[in-house]
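K.L.:
Okay, here's the structure, questions in a sec.
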Amino acid sequence: MKTLKCLFLLLLLPCLAGQLYAQNFIVKKQIDRLFKDYARKNSPGYAIGILKGKKVLYARGYGMANLDYQIPITTMSAFDIASVSKQFTGACIALLIMDGKLRLDMPASRFIPELAKYKDTIRIEHLIYNTSGIRDYYQLPRAGGRSWVTFDYFDNAECIRTSLGQDTLAFKPGTKWDYCNVNFMLLARIVEKVSGEPFSTFARRRLFLPLGMNHTLVNDDATAIIPNRVTPYNPRTKEYVDAYRKAGFDVNYGRGWIQHSRNSPHYGGSGINTTVNDLVKWEENFFSQRFGGQPFYDLMHQTRRFQHDRDNQAFGLYRDSFRGRAYWAWDGGDYGVSAQIIRFPKERVAIIVLSNMGNGDAAGKASQIASILTAAKLL
């Protein structure tokens, strides 16, 4: 009887393997159809990565990383991921908390003396959970009447100086939620004060290299050479052309694409360049917990209640659900940039979508991929 069971299993295994192969083939074809409009030589596009546990289900690029030189997008193409960078700033804060050098209840003025002028104490937790009351730089006039656009140079110092130049806070810390990039710029400065080294150096030494993310960096230098960097593009529509012209750039209306340059090396709230291959390593660690263990995982996903109803934010992440499945995510967008990472912890699935188009819809594409995976019972 045992021999018959073994024989039956041996006969069944090729059938199951064939079914699994066929299922994966269909899923890949469905995903390819989502991006078919970008899989050509006259368009920028997307790079995607789909991870289940330790296995990469699918990873590839669509469209061009550079239209001038006809360089295709691959999983090694380095994208600016905009606000998706915030979770890496959160990770650096988490590491310093684990080192015993920071606490969430510490007054941020201990490291940022300019904050001491405010009547109400801003704590580190207020920064990381976007409830500090600090006005974001782009909500305020820029010196000289210039625009806050990334192709017109500005850096962390100018952003922080503008925001902290306000005599009062917008609200008492902890009483409202208000998305603020300067919160994360200040967190990056705190990392620098505590560690005694540039934020980019700390992130590389303590985070990227231990995870094997060798093609990831904090872009704090507008003149830096970044291997395999994609060129960002914006459509030559009235909206974008007018924005460039307002900033003093002579850009023509018409068809096609505007080649964009990120000349503003601000970081903490954004500023990371990375690849799909490296982000797969980042996401896989949240399933394996090889780096940082449970304490790091718990801190990264720690939510906190304040005197407002927004309680789904963690360390540069937010919690939500998709068809009853809980996930953690953050998305990012800017001129020439669109990015999204979604992580389903229970199902151990992660979806990465990066684009070098200002009108790209990384979040929408990630949701469509999630729908395909759900239908295939892979999510």
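Quick note, the sequence shown lines up with residues -22 to -1, 1 to 357 if you use mature numbering (1 follows the signal peptide of the UniProt record, and there is no 0).
Just so it is clear, CB atoms sit at the ideal spot from N, CA and C, and this is done for glycine as well.
Source: prediction; values computed, not measured.
#1: Counting pairs of beta carbons, one from the segment 204 to 217 and one from the segment 310 to 321, are three or more of them closer than 8 Å?
#2: What did DSSP end up calling A307 once you bin it into helix, strand or coil?
#3: Express the C-alpha separation of L295 and K343 in angstroms, rounding to a whole number.
#4: With distance defined between alpha-carbon atoms, name the residue in L45, I4, K30 nearest to R18.
#5: Counting C-beta neighbours from all protein chains within 10 Å, is the total for C(-8) 16 or more, i.e. buried, or is it exposed?
#6: Assign L(-11) to one of three DSSP states: helix, strand, or coil.
#7: Would you tell me roughly how many angstroms separate the C-alpha atoms of L(-3) and A348, rounded to the nearest one?
#8: Label A340 either buried or exposed according to how many other C-beta atoms from any shown protein chain fall within 10 Å of its C-beta, with 16 as the threshold for buried.
#9: Identify the residues that DSSP records as bridge partners of G39: which are they?
#10: For R283, is the classification buried or exposed, using 16 other Cβ atoms within 10 angstroms of its Cβ as the cut-off for buried?
#11: Apart from the five residues on each side of it in sequence, which residues of its chain come closer than 8 Å, Cβ to Cβ, to F89?
#12: Just tell me which of A225, V219, Y107 has its CA closest to the CA of H279.
#13: Can you give the beta carbon distance from K30 to R326, rounded, assuming they're within the 8 Å contact cut?
#14: Can you tell me whether DSSP reads N44 as helix, strand or coil?
#15: Please determine, among W126, L257, R321, L187, the residue with the shortest C-alpha to C-alpha distance to K224.
#16: Quick check on N134: does DSSP put it in helix, strand or coil?
#17: State the start and end residues of the unbroken beta strand (DSSP E) segment that holds V331.
#18: Are I71 and I329 close, meaning C-beta to C-beta below 7 Å?
#19: So is G174 buried or exposed if we call it buried at 16+ other beta carbons inside 10 Å?
#20: Using beta carbons (cut-off 7 Å, strictly below), is K259 in contact with chain C?
#21: If you draw a straight line from the alpha carbon of K355 to that of N2, how long is it in whole angstroms?
#22: What separation, rounded to the nearest whole angstrom, lies between the Cα atoms of E217 and D228?
#23: In three-state DSSP terms, what is L357?
#24: Return helix, strand or coil for T179, following the three-state DSSP convention.
#25: Out of P323, A200, Y245, which has the shortest C-alpha to C-alpha gap to N134?
#26: How would you label L187, buried or exposed, when you count the other beta carbons within 10 angstroms and need 16 or more for buried?
#27: Determine the extent of the beta strand (DSSP E) in which F322 is found, giving its start and end residues.
#28: Apart from the five residues just before and just after S239, which ones in its own chain have a Cβ nearer than 7 Å to its Cβ?
P.N.:
In brief:
#1: With three or more CB-CB distances shorter than 8 Å, the segment 204 to 217 counts as touching the segment 310 to 321.
#2: Note: A307 maps to strand in three-state DSSP.
#3: One C-alpha to the other measures close to 19 Å.
#4: Closest by alpha carbon: L45.
#5: Residue placement at C(-8) is poorly supported in this model, since its pLDDT is 47, which falls under 50; the coordinates still yield a value, given next. In summary, C(-8) is exposed, with fewer than 16 beta-carbon neighbours lying within 10 Å of its beta-carbon over all protein chains present.
#6: Residue placement at L(-11) is poorly supported in this model, since its pLDDT is 47, which falls under 50; the coordinates still yield a value, given next. L(-11) sits in a helix when the DSSP states are folded into three classes.
#7: Residue placement at L(-3) is flagged as unreliable, the pLDDT there being 49, under the threshold of 50; a coordinate-derived value is accordingly withheld.
#8: Counting Cβ neighbours within 10 Å, A340 comes out buried, since at least 16 surround it.
#9: For G39, which the question treats as bridged, DSSP gives the partners A25.
#10: By the C-beta density criterion, R283 is exposed, having fewer than 16 other C-beta atoms within 10 angstroms.
#11: The residues are R167, I168, K171, V172.
#12: Closest by alpha carbon: Y107.
#13: With a Cβ gap of about 6 Å, K30 and R326 count as contacting.
#14: Of the three classes helix, strand and coil, the one that applies to N44 here is strand, per DSSP.
#15: Of the listed residues, the one whose Cα sits closest to K224 is W126.
#16: Here N134 sits in helix by DSSP.
#17: Boundaries of the beta strand (DSSP E) harbouring V331: 327 to 333, taken from the DSSP string.
#18: No, the Cβ-Cβ distance between I71 and I329 is not below 7 Å.
#19: Sixteen is the threshold: since fewer than 16 other Cβ atoms of the shown chains lie within 10 Å of the Cβ of G174, the residue is exposed.
#20: Of the protein chains in the structure, only one exists, and it is not chain C.
#21: Distance between the alpha carbons of K355 and N2 is about 11 Å.
#22: Between E217 and D228, the C-alpha separation is close to 14 Å.
#23: Coil.
#24: It is helical.
#25: Distances from the CA of N134 to each of P323, A200, Y245 were compared; the closest alpha carbon is that of Y245.
#26: Exposed, by the Cβ-count rule.
#27: Counted as a single uninterrupted DSSP element, the beta strand (DSSP E) harbouring F322 occupies residues 315 to 322.
#28: The beta carbon of S239 sits closer than 7 Å to the beta carbons of F129 from its chain, once the five residues preceding and following it are set aside; these are given in chain order.
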